[in-house]
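Residue numbers (this note's numbering), protein chains in the order written: chain A, 1 to 311; chain B, 1001 to 1623. Worksheet: the structure to be examined is printed underneath.
Dropping the structure here:
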């Protein structure tokens, strides 16, 4: 019944305007809609908090993350028997403060998450838009490459890459981008294919828009919400990949603190000092959860189809 | 057998209760066909859904009763009501292709349906064949093996009709069963439906937007407007002498395919939406009614019987008095104030197609060894003069849309020449390409899909300013000026400029669509089925707009349509296409008055005539 039919040769009576407005214009703006999604608020809050922690780690951390205090090896967290307020979350086998290490670990984790998600998004989406827009042979070629790429086990692929490239944060980012761009490419291409069929893309071409302009002005805005959603999920994935790689010692030089390294270091004392592993595990879980919640919320808030059902 | 007594369906919009359907009452006898007629938003599908026991969520029946045989449907619980569906009440949906499961063969779908009806397994196979034969499907043994996408729309609809009749129901609800089909299939499906209905003595509720079609197929008609039943009477009587001003307007907004040409009367405004209904006190049609008086604004009117069995809901007596506004246009109706635009015959043609062929080769088998050639357009020649309105008609798959794509350049001819403004499209270099492009613009069929939802109306109308060679010219000021002019041209209010497509109605979107094509002042518009998705009264407005644009700017039009009456109203010349070939062409009046080719006659016969006394659908179409 909302299917308002006729319009007409005269301006619609003024009384008809509120009816129309209430359907479209008066609706909440994108920002308001985002704020109404609890998942966006919680997920975004978590990600933002971790971001702040990463930035202000030098001021927040009570100790140098690499500073060894051999007198306090494997000290338990402060609420456990034998713990002290000096080391709120205890120390590891070399007497380094676990809290300081986990705070500093957020820096590498977030840097890798943001940069590699951005890189994967740019590479994957560009190829996806080109493939979906032009179709035909170009599309087939790009799809073959994606298929071939995805047939490598991701962990093995990144291991090979890192062994070849050496260690360092930039290498880790490059490895994640090279492994994960295919995810963007697959999903975004499907959306581009749908958009490509819309008459407005055709209309732009007939009007004389160049291919590049059509892609940027007509196709890209339509798939942007999907890209943003994938971006935030990819951040979570990149966090796990980075932790995995540093766990096996292939990620960054030992003088940089990462959550994966903390896991690797704590593994030997798992029976005596469980906190050495639990703290970084909890940090990873929280980060990934935040990213996934944010991504899921964005998907609902930015997808017009899900939105209309909700309202 | 079925009676609705004062059915009122309510919902809440913005906290206020709204009566979406108000006091709808009718009775339907065994073996009779009732037509529910109205434009989109009138609530006609809502009634169909309500009777089949699937009222949309958030709505409740606040008053009234539905009696079916001796059952009070409102007293039944949902389970009992649903159990009637398929057995005693059958439903024929609008989109035959989407209604059939694409991964099941026709036989499997049918078998499942029969299983649900409780028919034992060993009898089913024979029954399927018998049912499919009864709806005149060819090669039924082969048909049960096929998948829905391998059938035409008309064939799918036949399968659905066969399934509906399998349980021998006493009531069938057909919701726009032919809207998705072209004219010829429409006539065939309707005559089949009518034939089955007579054999089984079923009662049928036919929901449609086409008053003429309903008048010819149904026994009685109920006309709906904004949830109110405004007229009810014997079908032919309603078409011959409509009483309610809205029914009259619907009738006069439909162009004729035969008889004298007349100006299409257009209604102002639009049907009120849900949120507006709550604040309306009087007759819901009053704001648009040409014969309204003060009484109409207040108080609801009751259905009154004006002639034997002919009921009308209109407070003032305007159904008896001659109506001022509509009567005036009826007076002019003997002659058009213009003739269909013929253009300038001596000028150089704006578009010229010479012996154009468009072939598709489908490759089958390993490495495409078996090549199947398909000629979408076969030896096609056409010249369009500046300012001329030319129509191409034909059923779906006749190649008429391919011609449009060839002219605008989204498709290249396999052989032959496409010459636009004296330049061969294929030889045009980059430097002159924009001269070719700007001469010919396309108006798309689906205004919803043709407008980028992320652009405002202003940006849409003047999108052409963003083309590369305009470069620096794309500053804001001249763009806004141009957008305002275009807005006037297409008859939209100035406050539309900042709106987005989702905030416009279907007719308004189509106007923006036309305005965008006009931006660079092309000399020819190519319009592919631009009014087929619109309601009758909106269609009339768009058609008149196109004629006006021709008078003001001398724009030519290539209209591609399956609707012959629309082509006759606009075009001075017409081409009839069948299977990629032109089978007949000439002046529209000559071709329609005296069709030479059998196919042209078939198309013309398939259009429901305006004259109530003519027998339609033609018996021959059933074969």
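Idealized CB from N, CA, C, for every residue including glycine.
Going by the beta-carbon positions, is the gap between residue 77/A and residue 275/A smaller than 8 angstroms?
Translated into the one-based positions of the first chain, residue 77/A becomes position 77. Translated into the one-based positions of the first chain, residue 275/A becomes position 275. Yes; because the gap between Cβ atoms is below 8 angstroms, this pair is in contact.
Helix, strand or coil: how does DSSP classify residue 248/A here?
Looking up residue 248/A in the first chain gives position 248. In the structure shown, residue 248/A sits in coil (DSSP, three-state: anything other than H, G, I, E or B).
Out of curiosity, what's the CA-to-CA distance linking residue 1390/B and residue 215/A?
Within the second chain, numbered from 1, the residue matching residue 1390/B stands at position 390. Within the first chain, numbered from 1, the residue matching residue 215/A stands at position 215. If you take the alpha carbons of residue 1390/B and residue 215/A, they lie about 34 angstroms apart.
Closest to residue 1069/B by C-alpha separation, out of 1212/B, 1480/B, 1029/B, 1166/B, would be which residue?
Numbered from 1 along the second chain, position 69 holds the residue referred to as residue 1069/B. Per the Cα distances, 1029/B.
Run through the DSSP bridge pairs and tell me what residue 1229/B is partnered with.
Translated into positions along the second chain, residue 1229/B becomes position 229. DSSP output for residue 1229/B lists 1224/B as bridge partner(s).
Tell me residue 1380/B's beta-bridge partners as DSSP assigns them.
On the second chain, residue 1380/B is found 380 positions in, with the first residue counted as 1. Answer by DSSP bridge pairing, in chain order: 1356/B.
How many angstroms separate the CA atom of residue 943/B from the CA atom of residue 35/A?
Past the boundaries of the shown model lies residue 943/B; chain B is included only from 1001 to 1623, so the question cannot be answered.
Hey, which unbroken runs of the beta strand (DSSP E) at 3 residues or more fall wholly within the stretch 1018-1051 of chain B?
Runs of the beta strand (DSSP E) inside the stretch 1018-1051 of chain B: 1033-1037.
Check this for me: beta carbons of residue 192/A and residue 119/A, under 8 angstroms apart or not?
Indexing the first chain from 1 puts residue 192/A at position 192. Indexing the first chain from 1 puts residue 119/A at position 119. No; because the gap between Cβ atoms is not below 8 angstroms, this pair is not in contact.
Give every residue of the same chain whose Cβ lies closer than 6 angstroms to the Cβ of residue 1550/B, excluding the five residues on either side of it in the sequence, and list them in chain order.
As a working note, residue 1550/B is residue 550 in the second chain. Hits under 6 angstroms: 1341.
Name the two residues that bound the continuous alpha helix (DSSP H) containing residue 1304/B.
Here the question's residue 1304/B lines up with position 304 in the second chain. Where residue 1304/B is concerned, there is no enclosing alpha helix (DSSP H), although the beta strand (DSSP E) it sits in stretches over 1303-1307.
What three-state label does DSSP hand residue 1281/B in the structure shown?
For the purposes of this step, residue 1281/B is taken as residue 281 along the second chain, with counting starting at 1. Correct three-state label for residue 1281/B: coil.
Count the other CB atoms, across all protein chains shown, that sit within 10 Å of the CB of residue 1079/B; report buried if there are 16 or more and exposed otherwise.
If you number the second chain from 1, residue 1079/B lands on position 79. It is exposed - the Cβ of residue 1079/B has fewer than 16 other Cβ atoms within 10 Å.
What in chain B is Cβ-close to residue 301/A, meaning under 9 angstroms?
Within the first chain, residue 301/A is the residue found at index 301, counting from 1. Within chain B, no residue comes near residue 301/A; the closest Cβ sits about 16 angstroms away, beyond 9 angstroms.
Give me the Cβ distance between residue 181/A and residue 90/A, rounded to the nearest whole Å; I'm assuming they're in contact under 8 angstroms.
In the first chain, residue 181/A corresponds to position 181, counting from 1. In the first chain, residue 90/A corresponds to position 90, counting from 1. Going by Cβ atoms, the distance from residue 181/A to residue 90/A rounds to 40 angstroms, so no, they are not a contact pair.
Check this for me: beta carbons of residue 1214/B and residue 1001/B, under 8 angstroms apart or not?
Residue numbering aside, residue 1214/B sits at position 214 when the second chain is read from its first letter. Residue numbering aside, residue 1001/B sits at position 1 when the second chain is read from its first letter. Contact: no.
Would residue 298/A count as contacting chain B if we go by Cβ distances under 8 angstroms?
Counting from 1 along the first chain, the entry for residue 298/A is found at position 298. Cβ-Cβ to chain B under 8 angstroms: no for residue 298/A.
I'd like the list of long-range same chain contacts for residue 1343/B, defined as Cβ closer than 8 angstroms, with 5 residues on each side in sequence excluded.
Sequence index remark: in the second chain, residue 1343/B carries index 343 (1-based). Closer than 8 angstroms at the Cβ level, and outside the excluded window around residue 1343/B, lie 1384, 1385, 1386, 1387, 1388, 1389, 1556, 1572.
Based on the DSSP output, what are the partners of residue 1175/B in its beta bridges?
Translated into positions along the second chain, residue 1175/B becomes position 175. Bridge partners of residue 1175/B: 1207/B.
Taking the runs of the alpha helix (DSSP H) that are 4 residues or longer, which of them lie wholly in the stretch 261-285 of chain A?
You should have found no qualifying run.
Can you check which of these residues, 206/A, 298/A, 158/A, is closest to residue 246/A by C-alpha distance?
As a position in the first chain, residue 246/A is number 246, starting the count at 1. If we check each option's Cα against that of residue 246/A, 158/A comes out closest.
Are the stretch 1487-1505 of chain B and the stretch 1404-1416 of chain B in contact at 8 angstroms, needing three or more beta carbon pairs?
Flag = no, the stretch 1487-1505 of chain B and the stretch 1404-1416 of chain B do not touch.
Between which residues of its own chain and residue 1164/B is the CB-CB distance below 6 angstroms, once the five residues before and five after are set aside?
On the second chain, residue 1164/B is found 164 positions in, with the first residue counted as 1. Result list for residue 1164/B: 1090, 1092, 1172, in chain order.
Does any CB atom of chain B fall closer than 8 angstroms to the CB of residue 227/A?
By 1-based counting over the first chain, the position of residue 227/A is 227. So, not an interface residue.
So what's residue 29/A in DSSP terms, helix, strand or just coil?
What you label residue 29/A is simply residue 29 of the first chain in a count that begins at 1. It is coil, neither helix nor strand.
Given that residue 1466/B touches chain A, what residues does it touch there, using C-beta distances under 8 angstroms?
Here the question's residue 1466/B lines up with position 466 in the second chain. Those are 209, 213, 217, listed as they occur along chain A.
Identify the contact partners of residue 1441/B in chain A, using a Cβ-Cβ distance below 8 angstroms as the criterion.
For the purposes of this step, residue 1441/B is taken as the residue at position 441 of the second chain. Within 8 angstroms Cβ-Cβ: 206, 207.
Could you please give me the residues that DSSP links to residue 1091/B through a beta bridge?
Translated into the one-based positions of the second chain, residue 1091/B becomes position 91. According to DSSP, residue 1091/B bridges with 1173/B.
For residue 1325/B, decide whether its Cβ has a neighbour in chain A, counting only Cβ atoms nearer than 8 angstroms.
Stepping through the second chain from its first residue, residue 1325/B is reached at position 325. Note on residue 1325/B: pLDDT 43, under 50, position unreliable in the model; the coordinate value appears next. Closer than 8 angstroms: no.
Nearest chain A C-beta to residue 1197/B closer than 8 angstroms, yes or no?
Here residue 1197/B refers to the residue found at position 197 when the second chain is read from its first residue. It does not; no Cβ of chain A falls within 8 angstroms.
Identify, in the order they occur along the chain, each residue of the same chain with its Cβ nearer than 7 angstroms to the Cβ of residue 169/A, setting aside the five sequence neighbours on each side.
Along the first chain, read from residue 1 onward, the residue named residue 169/A stands at position 169. Closer than 7 angstroms at the Cβ level, and outside the excluded window around residue 169/A, lie 108, 111, 112, 252.
Since residue 1512/B and residue 1564/B should fall inside the 8 angstroms C-beta cutoff, what is the C-beta to C-beta distance between them, to a whole number of angstroms?
One-based indexing of the second chain puts residue 1512/B at position 512. One-based indexing of the second chain puts residue 1564/B at position 564. With a Cβ gap of about 27 angstroms, residue 1512/B and residue 1564/B do not count as contacting.
Measure the alpha-carbon distance for residue 1167/B versus residue 1269/B and round it to whole angstroms.
Mapped onto the second chain, residue 1167/B falls at position 167. Mapped onto the second chain, residue 1269/B falls at position 269. Going from the Cα of residue 1167/B to the Cα of residue 1269/B covers about 45 angstroms.
Taking C-beta pairs closer than 7 angstroms, name the residues in chain B that residue 198/A reaches, listed in chain order.
Numbered from its first residue, the first chain carries residue 198/A at position 198. 1449, listed in chain order.
Could you pull out every unbroken alpha helix (DSSP H) segment of at least 4 residues lying fully inside the stretch 149-229 of chain A, listed in chain order?
Correct list: 154-165, 169-196, 199-206, 211-214.
Expressed to the nearest angstrom, what Euclidean distance is found between the alpha-carbon atoms of residue 50/A and residue 105/A?
Here residue 50/A is taken as the residue at index 50 of the first chain, counted from 1. Here residue 105/A is taken as the residue at index 105 of the first chain, counted from 1. One C-alpha to the other measures close to 10 angstroms.
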